[in-house]
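See structure below.
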Amino acid sequence: MKHDAIRTEAKTSSAVCGSGRVGAFALCPGRVYELRIALRARTGTALRETEMGLRFLDRHGVAVDPDIVGAAFTTPHLNPLRIETLPAAVADAPHALDAALASRFLIAPPDAALAEVTLAAPGVEAIWFEAAPLAINWPRESKKMLEELRKALDAQAKLLARRLPAHADDEEAARVRAMAVSVPIEQAQAIARQFSCGQGWATALADIAEAAGDGRGATALLAAAQSARPRIGFIGGERTFRRLDAFSDVILLREDDWRAQIAGLPLEGVVIETTPENVLGDWRLAFGRLGGAMDEPARALFTEAARRGVPVRMLVTACETEAPLYQEAFDRADAVVIEGLPAEWRRPPDGAIFLPRAIEPALMSPGSERRAERAILCPCGSDAFQDAAFREMLKAISRRDLLVTEFDYGFVAKSLRNLLDAHCIAHVCAGFGERAALLRRTSTVLLTGRSLRGGGGLETAAIDAIAAGAIPVVFRGPRKGEGLLGALEHVETAEEFLEVERLHRIGWVRERAWRRLFRLLCREHVWTSAHRAALVGHDPCPPDFDAPLVTNVIVSKRPQNIDRSLATFRAQTHARSELIFVFNSDHAPDTLPPLRSNEQFFIIPENRNIGYCLNLGIAHANGVIWTKMDDDDYYSDFYNEDLVNIYRATQADIVGRQSIYFYMSGEDTSYARSRLEDRMMQRLQDDWFISGATLSGRKDRPTPPFSHALRNAVDSEWVKEARRRGLDMFSFDATSMVVYRDADPAAHTWIRGPAADPREFRRFCAGNAHAVFDRSPS
Amino acid sequence: MIPFCEGGVAACMATYPGRFGNLKQVVASLVPQIDQLYIYVNETLDGLPDLSRWPNVTIVDARAHEGDLSATGKLFPLEFISRSFVFLVDDDFIYPPDYVARYRAIFAAFDDRCCVTTHGGVLPPRPLWYFDRCRSFDAQKALDRLHLASLAGSGTFAFHQDRFTVRFADAPREPMVDLFLSMGAFDQGLPIWCAPRPERWLRHLGGAGLWEGYRARLTHHTNAARSRDWSFDRYREIADRAVATFDARAAEGFAAGLTIDSELRRALEVGGEPSSWRRDRSAYRQRKRYFDLLLKEEGAA
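Laid out in C-alpha cells, this is it:
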C-alpha cells in the first residue's frame, strides 16, 4: 500500500530560476520559503509596485488553492504578490539594484510540490529571483529573527531612498517604500504566530488519573458482544493483559498463589509473555534467564499445567536477541506465538506462529475526550540519555507544548529535566490506562527511530499512538517504504518536526493524515479471528466481527442520480458492503442499470416520507451497521471501511459526520463551515447534530426509527430521539463527505449556503473539496 | 631548487612575516604526516625560522618566483606535484596527528572522488554577498558525520590530483582561493565533504587574517559568489553519485566509522534539501551588515 504522508517533497529542491519573467521552484509542504525578487521598469523615474502571480501545484501538476489552509494559517500579501519595482532611472551598477530586492515569505501549503511565480506586467522585467527555504526554529527564534529582519529591511530602505532620484519621491513611491518594509514583517509575524505554542500540558495533566479508566467502557461493550469467552491464565505485561482481556477472561497468575488459582479455576489455557515480570511485579525473570533455563516455580507451572491438560502458550513480544533467554520455556510450551514479522527472525523457534503487532482499537478509545490543542508527547524519554542528537532535538522543541515521558522503562522525571532544560515537562506514567489517556490527549507523538528498545518498540509505540487518535512522527532512523512505519512522517531536525506539527494543526490535514494511518492500522495491526484463536484456543467473537457487513441506504427521487449513487457504492473499499436503494417516487425510472447481488432496489410511492423509506431500507438491511447516503453528495471510497473501523474503536451506538464542506456547483467552488470544525472525533455533545447525509447506526443497538410523519427535519428529529434514549453518538470526521449543492437552489430542501449566510461559510478552495481530501500526496 | 613530489602526500602553505612566529609549531604538526611540505613565503624570508631540521620542507621564496601572491601562494607549488594527495594548509592552525590519516580514510570511502575540508560552508542559492551563508562548519567545532559543503576553507582543503585538476596558472591573481577551489570542485563534479571530527580537532592560533579584512568591505569575492547559482539542486547529481560510491565502498569495507549526514541522504531520496542548505536566522544579520556596508561605501564615495 502506498503511504499517504501529509508532506511529500519533489525531486528538486528550491532553486534560483534566473532573471526571467517566470520562476518556479520545488516545495516541501509546511516549509517556510523566502522569495527575493528584484523588478525594474523599463521606463519611469519613480518607485512603483508590480503585481506578480503566485500559484501552487501538486505533484501531478494540479493547482493547489492556498485558501485550503484556512484564515488562521494564511500568510498575507501573497495573492497577488505586490513587488516594489525600481524605475529605469536607477543606475545598473553591480550592487545598485539590491536596494529594491524585495523580500516575501510564504509557507508551502499542504500537498504543494511546486510554486510558480509569474510576471505579466508590461514594461517590467525581473532581474533577480530567488526562492530560498528557511531553517528557523520559529517558536524559539521568531522574536530575534523579526528584530534582525526589521533591521536589515530598515538598512535596505535607507539605501533605497538614497538610490532613487530625489524628485521621484512622490506619495506613491513613499507608500511603496513603506510597503517594502512592512509587508515582509507582516508576513514573518503571521508565520511566527502559526508556530506559536498552544495551551500546554498543565491542564491536560491535572485530571489524567481519572481519565486513565476511560477506555474500559468500550471494551466492556466489546465483551458483551462475545460468546463463550475463554478463561485463560496470564503472566506478562499490562498492555498484553489488556489486549487479551478484550476477548477473553484473563486471570493474572500470581507467583505465590498460582497452584490454588489453577486448581480452583478451570482454565482453557495459559499465556506467558516474554517480559521480565508480571503486571503486578512478581515472576521476575522466572521464565527467561541467561542460559535459557527457567526458575523452579516456572518449571513447576509448566508441569502442573501439563498434568491438568491446560495448554501453555508463550507469547513473544521481545526481539530475537532475547529469545535464547526463554529457550527452556519455548521447548516446554504447547505453542510459541511471536508478535512481529517472520522477516525479523533468522531462526524462530520450531513451529512458531507469527501474529502482527497489534492493538485492540477499543482499548485506546480515540475521541473519548477532548484532545489538547498542539500537545506534543514524547513517550520514549529514556532515549534522550543515549542519543545526543535526540536530546538536542528535544531541547530544541522543548516548550510548554512538549511532554516527555517513558512508556517502557523505569523513569525519573527529575533526571530528564536536568538533562534537557527548564521548559521540559517530564511526567512519570502510572500504567497502561494513563498512557492511553495521555495519548488520547496528544496531537503529535514524537518517536525516535534510533531507539535501542527492541521487540518492535517503535512500531508498537506508533500503533498505540494512532489507535488513540494521535499522529506519530519519527525522528531519524531507517525509513521503511512499506507498512505502518513507512507511512509515518520522518523528520531529521527540530525545524522539520515543527513544520510537520504546524501542518497537523490544520484540521482537515490532520484528519486526513490520521484517518489514513488508522485505516492502515486497522488493516494490518488488529488481531483477527485466526490470531485470537492462536492465542487463547478459540475465537469468542461473532463470525462477522472483524469485517461486519455494512448496508448503505440511499433514498432518492432523482433518476438522474442512480448511476452516480451506484458508482459511489461500488467504489467502496470495504468488501462486505450492500446497497439498498429506495426510489421514493411515483414515476419509476424506465430502465435500471444491471444490479449486482449485493444491491437491492425498492420503489416507494411519493406519499411516503423519507423516514418511511429509511426505515424500510434499514429493515431490509443484512448488515449489522447501516449508513445513510445522499444520492448527490460526494463520499470517500473509504467511507464504509473507515466507518467500520471507528465503530470498533469507539463501540458507539451511532456514528455520524459533520457536514462542513460544501461544493457549490454553480460557482465551482467549495466552502467550509468553520463553526463546526472543532466537533470532529468526539462524542456528540448535547446541542450538536450530525449531518443527515452521514447518519449510521448499529442494528444490534436500540436506535430509534425515523418518523413516518415528518416531511422536514426527519434526520435531526432522529438524532434528538436517539439523544433522549441516551444512545452513545460519535461525531467522526468531516473530510469523508462533501455536500453537493446544485446551481439551482430549488433542487434542495435546505437552501442556506454561502450566499445566504456568508458569516457561516468561508471559501475553502476552487473546485470540489472532495479532490483535496482524496488527494494522495505520496 | 624545488623538489617534485609524485604519487605521495604533499602539503602546500603560504605565509608571510607576520605569521613567522607560529610557523615552527604549524610545520611540526604536519611534517610527520606527509612526504613533502611546500611553503610559499610572501614578502621576504627575513625572520623566517630555521626549518632545516625537517628535510621534507621546501621553502619557496616569492621574490624568486611569482612575487607576493597572498593566500594564492599556496597554489604555486602545485606545479611541482603530480598524482599525489594534496593538502592545502594554513599557517595559523596546529593540525592534529591524525589529520592526514582521517582525510585519507574519507578519500578511500569515495574512491578519491571528492574534496575534503574541515572548515566549510554552504552558500545560499543566490548570495547577496560573500558572507551570506546558510551554514558554516567551523573548523574548531565538532561534526559527527560527513556533511556536504559548497564552499571549502582552503587552509583545510585536500584532494587527489588524479581526480581533481587544479593549476596555479588558472587561479585568479586576486586572492580568492576558497571560491576558486570550491567552484572548481563543482565544475569537475566533485563533492566537498566536511570531515567528521571532535571539538577543537584543529587548533587555531588566533590573530587576524585576510578573512576579517574581507568582511569589512565589499570585495571581488562577492562578485564571484554572485555569479553562480549555489542551490542544492545543482549539487544533487554530484551528491547522488558520491553517496552511491560511498555505499559501494562501504560494502567493501572502505568506510569504517564514517557516516553521511542523514538529512542529505533523505533529501536525495525524497527531495528537498538538508537544513544546512537552508538559510537560518543569521542570514538577516548578515543581510543588515551587507546593506550597512553599501551605505558606508556610498557615504564615503
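Quick mapping for you: the protein sequence lines, in order, are chains A and B.
Numbering of the first sequence is given in this note's numbering, commencing with residue 15 and proceeding in unit increments.
Numbering of the second sequence is given in this note's numbering, commencing with residue 963 and proceeding in unit increments.
The beta-carbon is built from N, C-alpha and C at its ideal position, and this holds for glycine as well.
Does the CB of residue i have a neighbour CB from chain B at under 9 Å?
i, result
"Lys409 of chain A", "no"
"Ile150 of chain A", "yes"
"Ala103 of chain A", "no"
"Arg789 of chain A", "no"
"Gln203 of chain A", "no"
"Arg45 of chain A", "yes"
"Met328 of chain A", "no"
"Thr507 of chain A", "yes"
"Ala113 of chain A", "yes"
"Leu466 of chain A", "no"
"Arg191 of chain A", "no"
"Pro147 of chain A", "yes"
"His518 of chain A", "no"
"Ala403 of chain A", "yes"
"Arg35 of chain A", "Only weak support exists for where Arg35 of chain A lies, its pLDDT of 47 falling under 50; the coordinates are left without a value."
"Arg490 of chain A", "yes"
"Glu139 of chain A", "no"
"Ser27 of chain A", "Reliability fails at Ser27 of chain A, whose pLDDT of 35 lies under 50, so the model's placement of it is uncertain and no value is given."
"Glu735 of chain A", "no"
According to DSSP, which residues form a beta bridge with residue i?
i, result
"Asn566 of chain A", "A:Leu593 and A:Thr641"
"Pro598 of chain A", "The residue you asked about is not Pro; residue 598 of chain A is Asn in the sequence shown. According to DSSP, Asn598 of chain A bridges with A:Ile618."
"Tyr1082 of chain B", "First, the residue type needs correcting, since residue 1082 of chain B is Gly and not Tyr in the sequence shown. Answer is B:Phe1099 and B:Ala1114."
"Cys42 of chain A", "Its beta-bridge partners do not exist; DSSP assigns none."
"His1122 of chain B", "B:Phe1047"
"Thr977 of chain B", "B:Val1003"
"Ser117 of chain A", "A:Arg50"
"Gln696 of chain A", "A:Ser745"
"Ala482 of chain A", "Beta-bridge pairing links Ala482 of chain A to no other residue."
Quick one: does residue i have its CB under 9 Å from some CB of chain A?
i, result
"Phe982 of chain B", "no"
"Leu1257 of chain B", "yes"
"Phe1253 of chain B", "yes"
"Glu1260 of chain B", "yes"
"Asp1195 of chain B", "yes"
"Lys1250 of chain B", "yes"
"Leu1180 of chain B", "yes"
"Arg1211 of chain B", "no"
By alpha-carbon positions, which one of the options ends up nearest to residue i?
i, options, result
"Val195 of chain A", "A:Thr217, A:Lys165, A:Gly381 and A:Pro772", "A:Lys165"
"Pro179 of chain A", "A:Gln213, A:Gly58, A:Ile249 and A:Glu252", "A:Gly58"
"Gln672 of chain A", "A:Ala103, A:Ala77 and A:Trp522", "A:Trp522"
"Ala809 of chain A", "A:His722, A:Thr717, A:Leu724 and A:Arg725", "In the structure as shown, chain A starts at 15 and stops at 792, and residue 809 of chain A therefore has no counterpart that could be examined."
"Asp370 of chain A", "A:Ala548, A:Ala116 and A:Leu71", "Position check: residue 370 of chain A holds Pro in this sequence, whereas Asp was assumed. The shortest C-alpha separation from Pro370 of chain A is found at A:Ala548."
"Ser1237 of chain B", "B:Gly1083, B:Asp1132, B:Phe1216 and B:Phe1253", "B:Gly1083"
"Gly37 of chain A", "A:Val786, A:Gly711, A:Arg69 and A:Ile674", "A:Arg69"
"Ala129 of chain A", "A:Leu71, A:Leu460 and A:Gln170", "A:Leu71"
"Phe1208 of chain B", "B:Pro1153, B:Ser1244 and B:Trp1091", "B:Pro1153"
"Phe1121 of chain B", "B:Arg1064, B:Phe1099 and B:Pro1011", "B:Arg1064"
"Gly1009 of chain B", "B:Tyr1000, B:Arg1249 and B:Asp1023", "B:Asp1023"
Check your understanding: Given a limit of 9 Å on CB to CB distance, which residues of the stretch 1082 to 1114 of chain B reach chain A?
Key -> Pro1086, Pro1087, Arg1088, Leu1090, Trp1091, Cys1096, Arg1097 and Asp1106
**Study point:** Contact set between the stretch 1015 to 1040 of chain B and chain A, restricted to residues whose Cβ is under 8 Å from the partner
**Key:** none
Practice item. Closer than 9 Å, Cβ to Cβ, to anything on chain A: give me those residues from the stretch 1230 to 1246 of chain B, in chain order. Key: Glu1231, Val1232, Gly1233, Gly1234, Glu1235, Pro1236, Ser1237, Ser1238, Trp1239, Arg1240, Arg1241, Asp1242, Arg1243, Ser1244, Ala1245 and Tyr1246
Practice item. Taking only runs that begin and end inside the stretch 326 to 379 of chain A, name each unbroken alpha helix (DSSP H) of 4 or more residues, in chain order. Key: 341 to 346 and 375 to 378
**Study point:** Members of the stretch 1043 to 1054 of chain B that neighbour chain A once the beta carbon cut-off is set at 9 Å
**Key:** none
Review point. Between the stretch 45 to 69 of chain A and chain B, which residues of the former have a C-beta closer than 8 Å to a C-beta of the latter?
Key: Arg45, Glu48 and Arg50
Review point. Can you list, in chain order, the residues of the stretch 1201 to 1228 of chain B whose Cβ is nearer than 7 Å to any Cβ on chain A?
Key: Ser1224, Glu1225 and Arg1228
Point to revise | Residues, ordered as in the chain, of the stretch 433 to 466 of chain A that lie near chain B by beta-carbon distance below 8 Å | key: none
**Study point:** chain B contacts from the stretch 151 to 182 of chain A (Cβ-Cβ distance under 7 Å)
**Key:** Glu155, Lys158, Met159, Glu162, Leu163, Lys165, Ala166, Ala169, Gln170, Lys172, Leu173 and Arg176
Practice item. Tell me the start and end of each unbroken alpha helix (DSSP H) in the stretch 43 to 102 of chain A that is at least 4 residues and wholly inside, in chain order. Key: none
Point to revise | Any alpha helix (DSSP H) of 4 or more consecutive residues that is wholly inside the stretch 190 to 265 of chain A | key: 216 to 220, 222 to 225, 230 to 238 and 252 to 259
Exercise for review: Select from the stretch 109 to 135 of chain A all residues with a C-beta closer than 9 Å to any C-beta belonging to chain B, and list them in chain order.
Suggested key: His109, Asp112, Ala113, Leu115, Ser117 and Ala127
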